[in-house]
Amino acid sequence: MESKCNTQEKFKDLQKFIDSMEDRRGALIAVLHKAQHLYGYLSNDVIFFIAEKLEIPSAKVFGVISFYSYFTTEPRGKYVINVCLGTACFVRGADAIMREFEKILNIKAGETTEDKKFTLSGLRCIGACGLAPVVMVNDKVYGRVELNQVKAIIEEYQEEA
Amino acid sequence: MSNFRMHLLVCGGTGCTASDSLKLVKMLKESIKKHEITNEVEVVVTGCFGFCEKGPILKVYPDNVFYITVKPEDAEEIITEHVIKGRKVERLLYVEPNTKKRLEGQKSIPFYKKQIRIALRNCGFINPEDINEYIAADGYQALAKCLTEMSPDEVIDTVVQSGLRGRGGGGYPTGLKWKYTRQNQSDEKYIICNADEGDPGAFMDRSILEGDPHSVLEAMAIAGYAIGAQYGYIYIRAEYPLAINRLEIAIKQARKLGLLGEDIFSTGFNFDIGLRYGAGAFVCGEETALIHSVEGKRGEPSSKPPFPAQRGVWDKPSCVNNVETFANIPPIFLKGPAWFKSIGTEKSPGTKVFALAGKVNNVGLVEVPMGITLREVIYDIGGGIKNNKKFKAVQTGGPSGGCITKENLDIPIDYESLNSIGSMMGSGGMIVMDEDNCMVDIAKFYLEFTKDESCGKCTPCRIGNTRMLEILEKITKGNGTEQDLKDLVELGDVIKDTSLCGLGQTSPNPVLSTLHYFQDEYLAHVKDKHCPAGVCQALFSFHILPDKCVGCTACARICPAHCIEGERKIVHVIDQSRCIKCSACYNTCKFNAIEKG
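So, in structure tokens, the structure goes:
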């Protein structure tokens, strides 16, 4: 367990964000978004820190985190591959694309590769239905993805050391 | 301020930016600089044009020339040919699929011909990041009119008279909602904009927020004045970063000009707006769940009454309206409720925005008058089915809706008629399916979604949907029985009757509606152990037709399981025991010699 002093130092940016909020009523979800954005995932330390700062029981904070699929308590890979599983992508074959990613990366949707390079997950519609099926790697969007392109997409990120 | 002789409007919506439209903007600007015409031509990044299938879109104004699928490397040619020499770049114009003629004006393109744009009026026309462009397009005039010339009751009366109904799917009259919220006395009241567009395959609200954020802010302020609220929340999905960014810019600009904040138009009316982010929970589109989420809690629905109009956010009277509903408000005040009522049908006036997607030629965002038929939307606007396949069904209402078959393609679209055939208007997702889509698989897809998204509060929804999904999985794996089909109906009816919120009450709809319209297909799965569309892997196989196979070896070479045998110029055979049904051979064969069945 880290000392309190260390925690304070570590979450300085988050502290600043919380201090800058005009209205802290119902701020929890916004704070969790910020924390996940800053640290990649929500560790126990950061959860306890938020609970203390917002004066909410940490059980409540956990309750909110577990309710919303956007929040994760596990570290994620350097590249998060999101295969859109919205209806428009689905009817244009997104599930086959997902299976291909699973096969090549040898992980299931929702998992992260051992080298912490890739996290594979499904996503419900990013609204680019004109480009279906769509795959997103971090912020980059790949449209009209075909099965034989999957390998090339992964390789694009493999080569970057 | 300089006067530009020409504007190049480039789509900056999510779809087009994913196809490099911002790089195109950069190249256009560089080329303009290079040719020293920066004083004559301006490049404007606009909201979505709707024609996402052919993105990125570039429109030349005032010439009214509409270029499609423009690539960054086309920038130089557009500048040197069109902008400088006045010659259109023919190859980038839309080609009419039947006549093969190239069309230049936006209105002449079949995709736009039957559309009437009210909610989307400014999308693809103004720069959403510049409040002055919105003001130049009559922006904030409706708010000024309401605040300076009308009483709150008159404002509400106008909305009631217009007949506007909630565009989020429910179809509740907007004016009445405002009226009830006004009637409840309280020191604080709230306006909430529901931008938690969760239906997978729908992107209307996102496009409005990206393309015309001020119209929503203006309408929220009008609603605030009408019901007596001083603060509004926009609850938006975190998955829409571009929309969030543009809303933040819009709110900042409106505050700066005094169109939000204190003493708006010196009338003593105060109104401000804050953003609240969703975090990936579909159920938060339900208004009571949304209110809990705005308060920073788990987004579980609660029973009504009390309605939000009585006790909403922070237990104060609140009025929740959808993005598209708000976008309709300013024109109603500028052009009058009679004008609005003259469009659409008697019970459902106005227009509806649909996200047309799936197996249709022109995927995109369309705004059509109510009462138009599905056939017109799919064939005239959507350009028919992709690759000349056969139409099978269209799904509206997302995970809460149902499928509509070709027998019902000619019914007019409005709230009542879609309900009467077992589907619903919903928020505007419209997914077209062709003969290659298996309806059992589609029903399974929607149920997987609702099972994942069930918040777990009500047992029938949490466990019932899980059981229904298990039955569907059993059927798609070839282990289904006729009793399973009866169980699905029974379970579905119980879930509908006993769930608390809209999610549970509608979740069995996709299954029940496909069971009703495509019973044959379900029976084929359970009785004949056959998937007619060839989607459910356990229920079909590939065969090589000896009379058509020429022995080219293409299939044998591409087969990842190496299970196709045969030599050059000799009929090939698939070893069924090793076939993984990946369809690679089927897609490769140029002689249609491989049969799926």
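Sequence lines, in order, name chains Y and L.
If you read the first sequence in my numbering, its first letter stands for residue 32, the second for the next number, and so on.
If you read the second sequence in my numbering, its first letter stands for residue 1333, the second for the next number, and so on.
Ideal Cβ positions, reconstructed from N, Cα and C, are used throughout, including at glycine.
Practice task
For I96(Y), count neighbouring Cβ atoms within 10 angstroms of its own Cβ and tell me buried if that reaches 16, exposed if not.
Solution key: buried
Handout entry: Proximity test, Cβ basis, 8 Å: Y101(Y) and chain L
Key = yes
Practice task
Find the residues of chain L that neighbour G94(Y), judging by a C-beta separation of less than 9 Å, and give them in chain order.
Solution key: K1629, R1630
Exercise for the section: Decide if M1757(L) is buried, meaning its Cβ has at least 16 other Cβ atoms within 10 Å, or exposed. Expected result: buried
Exercise for the section: Ignore the nearest five residues each way along the sequence and tell me which others in H1339(L)'s own chain have a CB closer than 7 Å to its CB. Expected result: E1374, V1376, Y1393
Practice task
Tell me whether M52(Y) is buried or exposed, calling it buried when 16 or more other Cβ atoms sit within 10 Å of its Cβ.
Solution key: exposed
Practice task
Consider the C-beta atom of L1508(L) and the heavy atoms of the ligand ATP; say whether any pair is separated by less than 7 Å.
Solution key: For the ligand ATP, the structure offers nothing, since it holds no ligand at all.
Problem - Beta-carbon proximity of I1583(L) to L1541(L), cut-off 8 Å - result: no
Practice task
Just list the alpha helix (DSSP H) runs in the region 1564-1632 of chain L, keeping only unbroken ones of 4 residues or longer that don't cross its boundaries, in chain order.
Solution key: The DSSP assignment places 1573-1588, 1619-1626 as complete runs of the alpha helix (DSSP H) inside the region 1564-1632 of chain L, in order along the chain (cut-off: 4 residues).
Handout entry: Where G171(Y) falls: helix, strand or coil (DSSP)
Key = It should be noted that the sequence gives Lys, not Gly, for residue 171(Y). Strand at K171(Y).
Practice task
Could you pull out every residue in the same chain whose Cβ sits closer than 6 Å to the Cβ of F1614(L), ignoring the five residues on either side in sequence?
Solution key: G1530, E1785
Practice task
With DSSP as the reference, label Y1393(L) as helix, strand or coil.
Solution key: strand
Handout entry: Reduced DSSP secondary structure (H/G/I, E/B, other) of T118(Y)
Key = In the structure shown, T118(Y) sits in a helix (DSSP, three-state: H, G or I).
Practice task
Can you give me the start and stop residues for the alpha helix (DSSP H) that M1359(L) sits inside?
Solution key: Looking at the DSSP string, the run of the alpha helix (DSSP H) that includes M1359(L) is 1353-1366.
Exercise for the section: Return no unless some Cβ of chain Y is closer than 8 Å to the Cβ of V1626(L). Expected result: Interface residue, yes.
Handout entry: Any C-beta of chain Y under 8 Å from that of F1535(L)
Key = With a threshold of 8 Å between beta carbons, F1535(L) makes contact with chain Y.
Handout entry: Delimiting residues of the alpha helix (DSSP H) encompassing Q1908(L)
Key = Unbroken run through Q1908(L): none, as it is neither H nor E.
Problem - Inter-residue Cα distance where the pair is D1712(L) and E1571(L) - result: 32 Å
Handout entry: As assigned by DSSP and simplified to three states, the class of C1793(L)
Key = helix
Problem - CB contact check: R107(Y) to chain L, cutoff 8 Å - result: R107(Y) does not count as touching chain L.
Handout entry: Cutoff 8 Å: R1423(L) Cβ touching any chain Y Cβ
Key = no
Practice task
Show which residues of chain L have a CB atom less than 7 Å away from the CB atom of G57(Y).
Solution key: V1626, E1627, G1628
Problem - Nearest neighbour of L1801(L), chosen from K1828(L), K1789(L), D1773(L), D1825(L) [CA to CA] - result: When K1828(L), K1789(L), D1773(L), D1825(L) are compared, the shortest CA-CA separation from L1801(L) is found for D1773(L).
Exercise for the section: Could you tell me whether the Cβ of I1568(L) comes closer than 8 Å to any Cβ of chain Y? Expected result: Chain Y, which has no Cβ nearer than 8 Å to the Cβ of I1568(L), makes this no.
Problem - chain Y contacts from the region 1676-1698 of chain L (Cβ-Cβ distance under 7 Å) - result: Contacts with chain Y (Cβ-Cβ distance below 7 Å) from the region 1676-1698 of chain L involve A1687, A1689, G1690, K1691, V1695, G1696, listed in chain order.
Exercise for the section: For T118(Y), decide whether its Cβ has a neighbour in chain L, counting only Cβ atoms nearer than 8 Å. Expected result: yes
Practice task
Output yes if chain L places a C-beta closer than 8 Å to the C-beta of F48(Y); else output no.
Solution key: Residue-level contact by beta carbon fails for F48(Y) and chain L, as no gap is shorter than 8 Å.
Problem - Per DSSP, cross-strand counterpart(s) of K1766(L) - result: What sits at residue 1766(L) in the sequence shown is Asp, not Lys. DSSP output for D1766(L) lists F1723(L) as bridge partner(s).
Practice task
Starting from the beta carbon of A66(Y), find every residue of chain L whose beta carbon is closer than 9 Å, and list them in chain order.
Solution key: By Cβ distance, chain L contributes nothing, its closest Cβ being about 12 Å from A66(Y), past 9 Å.
Problem - Min CB distance M1765(L) to chain A below 8 Å - result: Protein chains Y and L are contained in the structure displayed, whereas chain A is not.
Handout entry: Nearest-angstrom Cβ-Cβ length linking K1809(L) and A1870(L), presumed shorter than 8 Å
Key = 5 Å
Exercise for the section: Closer than 8 Å by C-beta to T1705(L): which residues in its own chain qualify, once you throw out the five before and the five after it? Chain order, please. Expected result: L1741, D1742, I1743, P1744, I1745
Practice task
Assess, as a yes-or-no matter, whether the region 1682-1696 of chain L is touched by the region 118-132 of chain Y under the definition of 3 or more beta carbon pairs within less than 8 Å.
Solution key: yes
Exercise for the section: Enumerate in chain order the residues of its own chain whose CB-to-CB distance from T118(Y) is below 6 Å, with the five nearest sequence positions on each side excluded. Expected result: none
Handout entry: Beta carbon proximity, G1344(L) to chain Y, threshold 8 Å
Key = Closer than 8 Å: no.
Practice task
Please decide whether F214(Y) counts as near chain L, where near means a Cβ-Cβ distance under 8 Å.
Solution key: Within the shown structure, residues of chain Y are numbered from 32 to 192, placing residue 214(Y) beyond reach of any answer.
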